[in-house]
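A.B. asks: Just so you know, we're using the numbering used here here: the sequence shown kicks off at 6 and counts up by one. Glycine included, every Cβ here is placed at the ideal spot set by N, Cα and C. This one's a predicted model, so the numbers in the text were calculated from it and none came from an experiment. Take this structure, written in structure tokens, and hold onto it; I'll ask about it next.
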Amino acid sequence: MKKFLSIFIFLISINFISTCNADTTLGSELTGNWKFSKASFTVPAQCKDVSYNFTSAGQILTRDGILTAKLSYELKKFRQGFILKSHYISINGIKSCQGIAAYYVMETHIHNKYIEIKKNKLKIYLGLEKSSPFLVFNRAR
6 MKKFLSIFIF LISINFISTC NADTTLGSEL TGNWKFSKAS FTVPAQCKDV SYNFTSAGQI
66 LTRDGILTAK LSYELKKFRQ GFILKSHYIS INGIKSCQGI AAYYVMETHI HNKYIEIKKN
126 KLKIYLGLEK SSPFLVFNRA R
């Protein structure tokens with residue numbers, strides 16, 4: 006019983022230490038400005054000026070033409086990337102570049118996405134299965 010308890014405490018400690026180490030660098034490569042590059046669907050010309058600014062404080066400032074929003078986000082390591090969980094904090098209430106009401110955009114927001122960061126590219130997938138990316142962003146200079 007003592008041996009089992011010792012092994013159990015050891016495993017818990019290893020898990021805690023690995024979690025702490027992962028959290029200190031988790032997503033640091035995501036922090037910064039990202040500009041829209043391409044999509045897996047046809048994007049109207051007026052919607053190609055989309056940008057995301059990921060802060061180290063766990064917020065995303067996004068701009069879609071004149072629609073602006075602030076979201077909170079959390080990352081969880083998954084496969085070669087992360088699960089990005091995001092939730093709206095505020096939105097300016099102006100229609101999106103596609104003419105969609107801001108609050109509809111907020112209500113239909115997909116909260117969990119799989120993302121990968123490779124060099125200066127941010128790839129966003131809608132599901133957990135890796136297919137072609139839904140959206141691709143380039144790191145802004």
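For N97 versus L72, is the C-beta spacing smaller than 8 Å?
C.D. replies: Locating residue 97 in the sequence shown gives position 92, where the first residue counts as 1. Locating residue 72 in the sequence shown gives position 67, where the first residue counts as 1. Yes, these two residues count as a Cβ contact at 8 Å.
A.B. asks: On the DSSP bridge list, what partners appear for H92?
C.D. replies: Start at 1 with the first residue of the sequence shown, and residue 92 comes out as number 87. DSSP, once it has assigned bridges, lists S77 as partnering H92.
A.B. asks: Let me know the secondary structure DSSP gives E121 once reduced to three states.
C.D. replies: In the sequence shown, counting from the first residue as 1, residue 121 sits at position 116. Residue state, collapsed to three classes: strand.
A.B. asks: Which residue comes first and which comes last in the beta strand (DSSP E) that contains V55?
C.D. replies: Position 50 of the sequence shown, counted from the first residue, corresponds to residue 55. Element bounds for V55: V55 to F59.
A.B. asks: What residue from S136, L127, Q51 and R84 has the CA that sits closest to I105's CA?
C.D. replies: For this step, residue 105 is matched to residue 100 along the sequence shown. The option with the nearest alpha carbon to I105 is Q51.
A.B. asks: Starting from the Cα of S33, find the closest Cα among S56, E79 and K53 and give me that residue.
C.D. replies: Within the sequence shown, residue 33 is the residue found at index 28, counting from 1. Taking only the C-alpha atoms, the option nearest S33 is E79.
A.B. asks: Thinking C-alpha only, which one of N125, I129, K124 and I122 is nearest H116?
C.D. replies: Counting from one through the sequence shown, the residue named residue 116 turns up at place 111. Residue I129 is the option with its Cα nearest to H116.
A.B. asks: Say whether the stretch 133-142 touches the stretch 42-57, bearing in mind that this needs 3 or more beta-carbon pairs closer than 8 Å, one atom from each stretch.
C.D. replies: Touching, yes, given that three or more Cβ pairs across the two stretches are closer than 8 Å.
A.B. asks: Where do the ends of the alpha helix (DSSP H) carrying V110 lie?
C.D. replies: Counting from one through the sequence shown, the residue named residue 110 turns up at place 105. A107 to E112 is the span of the alpha helix (DSSP H), which, as asked, contains V110.
A.B. asks: Identify, in the order they occur along the chain, each residue of the same chain with its Cβ nearer than 8 Å to the Cβ of W39, setting aside the five sequence neighbours on each side.
C.D. replies: As a first step, residue 39 is located in the sequence shown; it is residue number 34 there, counting from the start. Around W39: S56, Y57, N58, F59, L127, F142, N143, R144 and A145.
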